[in-house]
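As numbered in our numbering, residues 2 to 184 make up the sequence shown, in order.
By construction, the Cβ of each residue, glycine as well, lies at the ideal position given by its N, Cα and C atoms.
One structure is given below, encoded as structure tokens.
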Amino acid sequence: MAVEYCKLKKNKRLIEKIPELEEIQCLLFDLGSHIATPRTEGSSSSMHLARTEFSETHVEKIELAIDEMDKYLAPLKNFILPGGGLESSQFHICRAVCRRTERDMSPLLRESAIDETAPKFINRLSDYFFAVSRYCSLVTNHPESVYKLPKDRDSNNKYQRSGLSVMKEYDDDDQHQISISAA
Numbered sequence: 002m003a004v005e006y007c008k009l010k011k012n013k014r015l016i017e018k019i020p021e022l023e024e025i026q027c028l029l030f031d032l033g034s035h036i037a038t039p040r041t042e043g044s045s046s047s048m049h050l051a052r053t054e055f056s057e058t059h060v061e062k063i064e065l066a067i068d069e070m071d072k073y074l075a076p077l078k079n080f081i082l083p084g085g086g087l088e089s090s091q092f093h094i095c096r097a098v099c100r101r102t103e104r105d106m107s108p109l110l111r112e113s114a115i116d117e118t119a120p121k122f123i124n125r126l127s128d129y130f131f132a133v134s135r136y137c138s139l140v141t142n143h144p145e146s147v148y149k150l151p152k153d154r155d156s157n158n159k160y161q162r163s164g165l166s167v168m169k170e171y172d173d174d175d176q177h178q179i180s181i182s183a184a
């Protein structure tokens, strides 16, 4: 969907990103084949293993793309909230999906069912999507949404946010429960 939003925007610099994004989509299909072909002893034939190998060069290519976009981006001084325009927001969603996928891949890596390149690629891809979301904000002239510490925040409750208070409560068995209430 993020690619389609880039096409609709008709912004030259976003359109230049489309081939790179479409290549990433193809790589994700290749990664799916890699994950679907277990690396554990006796699970897959050597032919299938060779055909679904996922190369470190894919990780390196993503890192180069990040470096290229970083040349145009201001250094980060604050946390960036998802936003910065429709295209940028879509890439923030892609980033969140990558982070979840990376966590889901951990058991497969521990069981040696996938090569270590696979989660490494997903990790770098989430960083790529963060960079491309910032790049989209820049080239479409949408300001990035910056995290701001609420001025009225109670310094003793680091979880309090804009009218909500998050408190830990303990029951009789010393099990804690989280409760959220309006301030």
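- In the three-state reduction of the DSSP assignment, Leu22 falls in the helix class, which pools H, G and I.
- Out of Gly85, Val147, Asp128, the CA that lies nearest to the CA of Ala97 is found in Asp128.
- Here DSSP, grouped into helix, strand and coil, assigns Ile115 to coil.
- Ile115 is the residue among Leu126, Lys121, Ile115, Ser146 whose C-alpha sits nearest the C-alpha of Ala37.
- Looking from the CA of Leu109, the closest CA among Phe131, Gly33, Leu15 belongs to Gly33.
- Scanning Phe122, Val60, Asp105, Gln91 for the CA closest to the CA of Glu5 turns up Gln91.
- The C-beta distance from Ile123 to Cys95 rounds to 11 Å, too long to meet the 8 Å contact threshold.
- Met70 is positioned such that its CB atom lies no closer than 8 Å to that of Ala3.
- Each residue's CA atom was taken as its position, placing Glu54 and Leu28 some 12 Å apart.
- Less than 8 Å divides the Cβ of Gly85 from the Cβ of His143.
- The shortest CA-to-CA distance from Ser56 to any of Ser134, Glu145, Lys121, Lys152 is the one to Lys121.
- The stretch 86-144 is shown to contain whole alpha helix (DSSP H) runs of 4 or more residues at 87-111, 118-140, in chain order.
- Arg40 and Arg101 have their C-alpha atoms some 22 Å from each other.
- Annotated as distal: Asn79 and Tyr136, with beta-carbon spacing of 8 Å or more.
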